[in-house]
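Protein chains: 2
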Amino acid sequence: MKVSSLAKALNTTPDTVRHYTKIGLLKPIKGLENGYKFYNSAQQQRLAFILTARHLGFTIKDITEIFNETDKNNPACPIVRDIIEKRLVEIEQKFQQMQTMMTLMQQAREQWRNMPDRAPDSHSICHLIDAFSQTQTSLLTTKIKE
Amino acid sequence: MKVSSLAKALNTTPDTVRHYTKIGLLKPIKGLENGYKFYNSAQQQRLAFILTARHLGFTIKDITEIFNETDKNNPACPIVRDIIEKRLVEIEQKFQQMQTMMTLMQQAREQWRNMPDRAPDSHSICHLIDAFSQTQTSLLTTKIKE
DNA sequence: TATAGACCTAGGTGTAACACCTAGGTCAAG
DNA sequence: CTTGACCTAGGTGTTACACCTAGGTCTATA
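Same order as they appear, the protein sequences are chains A and B.
For the first sequence, my numbering begins at 272 and goes up steadily by one.
For the second sequence, my numbering begins at 272 and goes up steadily by one.
Have a look at this one:
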């Protein structure tokens, strides 16, 4: 199989296949005459593995480490279990941060509905933004708490 | 104010201040003798603005566009309202995607608890990962639906 | 006054995982 | 024989900084 057919078969892009090849995750056979790369079914299996792992939040580095073991016939399972724990901690944290930001943005949108447009002046570049500065929001929080 | 004191004052890093300066968002005055950069209160205001906008999910490009207007004394409010809408759509979408991935990862972690370690063989690199391949999961979904 | 320690500069590199572009070679069909 | 679809290697762009380097500056102290 050549690049594009492999990509199509596994529902990804030729560029992605080339990328994985370039960084050594896939090892096609190079045609002697024209330099074209050919992927056999073992390589197809590898690509399928990579795509699934990426789908599960594994990084390219993670996958490289896994292949380092499996290529020596060592089981990857222990590493895989470790990795998912790490990546889950990370994603859960990012998820929280994202939610926090999203909520703030939604608050801003709502609050701004009732605020007029205003030209910038010496003490404010844009009062909409100003209303959400750290100092302003802490004042707000304080007020709410009172 | 020099770089570090400005950074400290607004609770950010000297590198961030230098970065914003390099890309033209901040315009300090350069000391003639030693080339040190000095930030006045207008620049401090700009930095505060940038930090708040970043906090609200605005990109550097967004902020650049805003300054393009405010520097001509045009109101930034209409742009600001537009931007938050765009960024909210984006973040809400990413949030969903992230949640989907996170849920899948959590499912994997649970499911893997009951699965043994296994060495790689010719038809499987790691059966834990395999269990979540597109084809496998669609089979699973099908089974569940039946 | 010499020096150490804290600060500053400009400029470069690294990050993640590809997407996209370029210039040029290859292949199959009509 | 040409056209169109495919391939190659290699380079750039994306985001917002963090970090590093080599070298100059400032200040307090011994």
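Every residue, glycine too, gets a C-beta built ideally from N, C-alpha and C.
query                                                                                                            : result
Classification of residue 391/B by the beta-carbon crowding that lies within 10 angstroms, buried from 16 upward : buried
Residues in the stretch 317-339 of chain B having any Cβ partner in chain A nearer than 9 angstroms              : 317, 319, 320, 322, 323, 324, 326, 327, 328, 329, 337 and 338
Exposure label - residue 398/B; buried when at least 16 CB within 10 Å                                           : buried
Under the three-state DSSP convention, the category residue 309/A falls into                                     : strand
For residue 327/A and residue 361/B, the rounded distance between their alpha carbons                            : 22 angstroms
Identity of the residue in 365/A, 347/A, 359/A and 368/A nearest residue 434/B by Cα                             : There is no way to answer for residue 434/B, as the model of chain B reaches only from 272 to 417.
Which of helix, strand or coil DSSP assigns to residue 275/A                                                     : helix
Interface flag, residue 346/A vs chain B, CB-CB below 7 angstroms                                                : yes
Contact with chain A by residue 413/B, beta-carbon distance below 7 angstroms                                    : Here residue 413/B scores only 46 on pLDDT, less than 50, and its place in the model is too uncertain to base an answer on.
Contacting residues, own chain, Cβ-Cβ under 7 angstroms from residue 351/B (five flanking each side not counted) : 337
Coil, strand or helix - residue 294/B by DSSP                                                                    : coil
Chain A residues whose Cβ lies nearer than 9 angstroms to that of residue 370/B                                  : 366
Unbroken alpha helix (DSSP H) run spanning residue 373/A, endpoints                                              : 348-384
Residues near residue 341/B by beta carbon distance below 6 angstroms, same chain, minus five either side        : 347
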